[in-house]
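Okay, structure first, notes after.
Protein chains: 2
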Amino acid sequence: MDDLALMRQAVDQARAGLDEGGVPIGAVLVGGDGTVLGAGRNRRVQQGSVIRHGETDCLENAGRQPATVYRETTLYTTLSPCTMCAGTILLYKIPRVVVGENRTFEASEDWLRSHGVKVDVLDLAECVDLMDTFIARYPEIWNEDIGEVEGR
Amino acid sequence: MDDLALMRQAVDQARAGLDEGGVPIGAVLVGGDGTVLGAGRNRRVQQGSVIRHGETDCLENAGRQPATVYRETTLYTTLSPCTMCAGTILLYKIPRVVVGENRTFEASEDWLRSHGVKVDVLDLAECVDLMDTFIARYPEIWNEDIGEVEGR
Chain W
184 MDDLALMRQA VDQARAGLDE GGVPIGAVLV GGDGTVLGAG RNRRVQQGSV IRHGETDCLE
244 NAGRQPATVY RETTLYTTLS PCTMCAGTIL LYKIPRVVVG ENRTFEASED WLRSHGVKVD
304 VLDLAECVDL MDTFIARYPE IWNEDIGEVE GR
Chain R
184 MDDLALMRQA VDQARAGLDE GGVPIGAVLV GGDGTVLGAG RNRRVQQGSV IRHGETDCLE
244 NAGRQPATVY RETTLYTTLS PCTMCAGTIL LYKIPRVVVG ENRTFEASED WLRSHGVKVD
304 VLDLAECVDL MDTFIARYPE IWNEDIGEVE GR
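Okay, here's the thing in structure tokens:
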């Protein structure tokens, strides 16, 4: 599958999150052979979680993998990774990240690239729209999710 | 309580992890008024988790907190944070981290300090001994935990 088709699966996760009243950020981890190893979405609201962002929930759902597997993967995420998720990408040496959009939030792309991670931004309006919808409804939850006291 | 007494609680978490067959790294989050907000330990083995390191498990157990609370906290951790845990510290703008030891592993202290986080290393032999014991028993799990293919 191509990047857009795989990002579609991440968007589906984000949309499911919005339907649950959660932060609409989704992610999919794809192995070197194109197999989807896991998918996930932000679970702050649904599970009261402070560490299950889209990317980390996806990795958790993919389960324990050998280092050699992570090093062949691509992580698709609907929103540009925060420092926690970027640090997780570096921990597991995931070599490529495909980002749905970075207009709403961007905190780690230079850092990832400086460590050799390939970061491709698709700039999809659908991903921006999901975040705009959520932030208009629940600005305080969005601020909590990115550790901010005030609005974006 | 002073730093050593609070680190003692993190070491107790690490020791409980070792007794469970887990990676012996523990953490405690302390609020600005000295209240312990949460404690946790690495749960890779116990829960099959790839995101519950000592620090992230501790934050998860502390639950959803307002940004204003995190900004007054100190995080005690028996081992120097990996990039995932350091990224989490930066996400929530935790201003101070007290580290039990950084001889076994160190990947983020300069990065944390460059973002204004105060990092104090206690260099406790007990923390080193816990890791030495675990790594001698299960080198492959330790490598998995830090995303490495080969031994340290």
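As given, the protein sequences belong to chains W and R, one line each in that order. By the working numbering, the letter at position 101 of the first sequence is numbered 284, and the numbering carries on one by one without gaps. By the working numbering, the letter at position 151 of the second sequence is numbered 334, and the numbering carries on one by one without gaps. We put the beta carbon where it would ideally sit given N, CA and C, even for glycine. The model shown is predicted, which means the values in this text are computed figures rather than measured ones.
Per DSSP, the continuous beta strand (DSSP E) segment holding residue 259 of chain R begins and ends at 257 to 262.
Within chain W, 270, 274 have C-beta atoms less than 8 Å from the C-beta of residue 265 of chain R, given in sequence order.
As DSSP reads the structure, residue 276 of chain R sits in no beta bridge. Using a CB distance below 7 Å, the part of the segment 250 to 262 of chain R facing chain W consists of 250, 251, 253, ordered along the chain.
Leaving aside the five residues that flank residue 295 of chain R on each side, the residues in its chain whose CB is nearer than 8 Å to its CB run, in chain order, 264, 269, 272, 273, 280, 302.
Annotation for residue 303 of chain W: the continuous beta strand (DSSP E) segment containing it runs 301 to 304. For residue 332 of chain R, no alpha helix (DSSP H) run applies, since DSSP gives it neither H nor E. Taking a beta-carbon distance threshold of 8 Å, residue 187 of chain R does not count as an interface residue toward chain W. The C-beta of residue 218 of chain R has fewer than 16 other C-beta atoms within 10 Å across all chains shown, which makes the residue exposed. In this structure the segment 232 to 241 of chain R lies against the segment 201 to 219 of chain R, because at least three pairs of beta carbons, one per stretch, are closer than 8 Å. Taking C-alpha positions only, residue 252 of chain R is separated from residue 214 of chain R by approximately 7 Å.
At a C-beta separation below 8 Å, residue 326 of chain W has these neighbours in chain R: 250. At a cut-off of 4 residues, the continuous stretches assigned as alpha helix (DSSP H) that sit fully inside the segment 231 to 255 of chain R are 237 to 245, 250 to 253. Contact annotation: residue 313 of chain W and residue 193 of chain W have beta-carbon atoms that are not nearer than 8 Å. Rounded to whole angstroms, the separation of the alpha carbons of residue 187 of chain R and residue 311 of chain W is 47 Å. Between the segment 313 to 328 of chain R and the segment 217 to 234 of chain R there are three or more inter-stretch CB-CB distances shorter than 8 Å, so the stretches are counted as touching. If you check the CB distance, residue 247 of chain W and residue 332 of chain R do not come in under 8 Å. For residue 309 of chain W, the closest Cβ of chain R is not nearer than 8 Å. The beta carbon of residue 203 of chain W does not come within 8 Å of any beta carbon belonging to chain R, so the residue lies off that interface. Residue 247 of chain W belongs to the set of residues whose beta carbon lies under 8 Å from a beta carbon in chain R. Distance from the CA of residue 202 of chain W to the CA of residue 309 of chain W, rounded to the nearest whole angstrom, comes to 15 Å. Of R/190, R/205, R/189, the smallest CA-CA separation from residue 322 of chain R is found for R/205. Residues of the segment 217 to 238 of chain W that bring their beta carbon within less than 8 Å of a beta carbon in chain R comprise 227, 231, 232, 233, 234, 235, in sequence order.
Counting along the chain, no alpha helix (DSSP H) covers residue 224 of chain W; the unbroken beta strand (DSSP E) around it starts and ends at 219 to 224. Counting C-beta atoms within 10 angstroms of its own C-beta, residue 256 of chain R has 16 or more neighbours from the protein chains shown and is therefore classed as buried.
Leaving aside the five residues that flank residue 304 of chain W on each side, the residues in its chain whose CB is nearer than 6 Å to its CB run, in chain order, 282, 285.
Between residue 259 of chain W and residue 189 of chain W, the gap from beta carbon to beta carbon is short of 8 Å. Distance from the CA atom of residue 299 of chain R to the CA atom of residue 184 of chain W, rounded to whole angstroms, is 43 Å.
Under a 10 Å Cβ-count criterion, residue 245 of chain R is classified as buried, with 16 or more other Cβ atoms of the shown protein chains found around its own Cβ. The DSSP-derived three-state label of residue 213 of chain W is strand. Residue-level contact check: residue 289 of chain W does not touch chain R, since none of the beta carbons of chain R fall below 8 Å from its beta carbon.
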